[in-house]
Amino acid sequence: MLAEVLRHLQPRPGDVVVDATLGGGGHARRLLEAVHPGGRLIALDVDPIERPRTEALLRREGFDTDVLRVHGRSFAELPDVLTEEHVAGADVILVDLGVSAMQHDTASRGFSYKLPGPLDLRMNPSLGEPASALVARTSAGALAAILREHADEPQAEIIATTIKQHVIETTHGLDRVLRIALARVQPPLAKAEVKRSVRRSFQALRIAVNDEFAALDTLLRVLPACLAPGGRVAIITFHSGEDNRVERAFRDGYEAGVYDAIAHDPVRSEKAETFSNRRAAAARLRWGRKRC
Ligand SMILES: C[S@@+](CC[C@H](N)C(=O)[O-])C[C@H]1O[C@@H](n2cnc3c(N)ncnc32)[C@H](O)[C@@H]1O
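Going by the working numbering, the letters in the sequence shown line up with residues 5 to 296, in that order.
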């Protein structure tokens, strides 16, 4: 999505740019190059494990504190961060939702059903509760609602009921229980369908554990106030629950005259990229431009 991001955000030398989801710094690096000379990038990420690593990497590449500012804050707090940075409105804001490759591929973070680890799924492991605790204290009915509302999971009820019949502490433990649940479905599910349900279940729990929709809803509400007149924002989403929210917020903002241009259709990735082709294929980018 790098080419698509740069095409729609058009960062220019001197711009103040926000990368609201720093991750591994891939987008940040390209944005920093594009705003040189005279520009700067304000980066946010809630992950206290990966954020310092990415910051150290970018510092080693020569981006010092007058061009790159890094905050361990949620993008829901973007207005406060901009106030601290004495920025009235950013020229460009990028939001790349979901998990980073480093988070996903680190077994101890518990993000992947393929890797053995604790069932955690938190982007900030010092905040809130791990997914194992959420699953243990949540009723079958509430779990089914999480699976339906956060991931459109068609087998939500049977999965939730089966989960409540087990004690689940690990990623592989959840994977095993999900497969027990899905084996009960009649008529039997195809192997690919089982895999999709497992993936969706992990996604639904991750969204719940990190309260991701609440953070996104807050960001969408405060975005116009965070942009300079003529400022551009791009948001990359990975599933319909996120994309519907972004689409609605941009459409409402456009109709209200807050944005003078928006993406009427989501932009899809032109070529398969980094950590998995599946992730790149699922990515949808929407953009908006604040009225001058
Ligand atoms: C898909 S990755 C970003 C990848 C990044 N664009 C890159 O080029 O490497 C998403 C990042 O957003 C972070 N994140 C998730 N929710 C957040 C929030 N509410 N506020 C700030 N960062 C968040 C995650 O910790 C993760 O590092």
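Think of the CB as a built atom: it goes at the ideal place given N, C-alpha and C, for glycine as much as any other residue. Small disclaimer: the values here were computed from a predicted structure and weren't measured.
Asked: At a cut of 8 Å, does the segment 112-119 reach the segment 80-89 through at least three beta carbon pairs?; Found: no
Asked: Kindly list the residues whose CB is nearer than 7 Å to the CB of tyrosine 263, restricted to its own chain and excluding five residues on each side of it in sequence; keep chain order.; Found: Phe254, Gly257, Gly292, Arg293, Lys294, Arg295
Asked: On the three-state DSSP scale, how would you describe aspartate 100?; Found: strand
Asked: Note down, in chain order, each residue of its chain lying with its Cβ closer than 8 Å to the Cβ of proline 17, except the 5 sequence neighbours on either side.; Found: Ala38, Val39, His40, Pro41, Gly42, Gly43
Asked: Along the chain, where does the alpha helix (DSSP H) that runs through arginine 204 open and close?; Found: 195-213
Asked: Any idea if arginine 204 is buried or exposed, counting beta-carbon neighbours within 10 angstroms, 16 or more meaning buried?; Found: buried
Asked: Please determine whether the Cβ atom of histidine 31 lies at a distance below 7 Å from any heavy atom of ligand 1.; Found: yes
Asked: In the structure shown, what three-state DSSP assignment does aspartate 68 receive?; Found: coil
Asked: In the structure shown, what three-state DSSP assignment does glycine 245 receive?; Found: helix
Asked: Do you know how far the Cα of alanine 284 is from the Cα of threonine 278?; Found: Summary for threonine 278: the model assigns pLDDT 48, below 50, so the residue's position carries little reliability; its value from the coordinates is reported in the next sentence. Each residue's Cα considered, the two are about 8 Å apart.
Asked: Thinking just about the alpha-carbon of each residue, which of Ile97, Asp68, Asp70, Leu186 is nearest to the one in proline 228?; Found: Ile97
Asked: Verify the contact flag: alanine 80, CB atom, against every heavy atom of ligand 1, threshold strictly below 7 Å.; Found: yes
Asked: Select from Ala196, Val202, Ala155 the residue whose C-alpha is nearest the C-alpha of isoleucine 167.; Found: Val202
Asked: Just mark proline 15 as buried or exposed, buried being the case when its beta carbon has 16 or more other beta carbons within 10 Å.; Found: buried
Asked: Tell me whether glutamine 207, by its Cβ, gets closer than 7 Å to a heavy atom of ligand 2.; Found: Questions concerning ligand 2 fall outside what the structure shown contains, since the ligands it does hold are ligand 1.
Asked: Establish whether the CB of alanine 265 and some CB of chain B are separated by less than 8 Å.; Found: Although the question refers to chain B, the structure presented lacks it and comprises just one protein chain.
Asked: Cβ of arginine 183 within 8 Å of Cβ of leucine 220?; Found: no
Asked: With the cut-off set at 8 Å, would you say alanine 155 and glutamine 207 are in Cβ contact?; Found: yes
Asked: Using the three-state DSSP reduction, which class does phenylalanine 267 fall into: helix, strand or coil?; Found: The sequence as given places alanine at residue 267; phenylalanine does not occur at that position. Here alanine 267 sits in coil by DSSP.
Asked: Out of Thr69, Val189, Ile239, which has the shortest C-alpha to C-alpha gap to valine 9?; Found: Ile239
Asked: Taking three-plus beta-carbon pairs below 8 Å as touching, is the segment 118-126 in contact with the segment 56-74?; Found: no
Asked: Hey, how far is the Cα of leucine 138 from the Cα of leucine 147?; Found: 9 Å
Asked: Could you please give the first and the last residue of the uninterrupted beta strand (DSSP E) stretch that includes leucine 289?; Found: 288-294
Asked: Determine the direct distance from the alpha carbon of serine 130 to that of alanine 144, and round the result to whole angstroms.; Found: 26 Å
Asked: My guess is that valine 189 and glutamine 159 are in contact by the Cβ rule of under 8 Å, so how many angstroms apart are they, rounded?; Found: 6 Å
Asked: With a threshold of 7 Å, establish whether the CB of aspartate 124 neighbours any heavy atom of ligand 1.; Found: no
Asked: In whole angstroms, what is the alpha-carbon distance linking arginine 288 and glutamate 251?; Found: 11 Å
Asked: Give the secondary structure of arginine 16 by DSSP, where H, G and I count as helix, E and B as strand, and everything else as coil.; Found: coil
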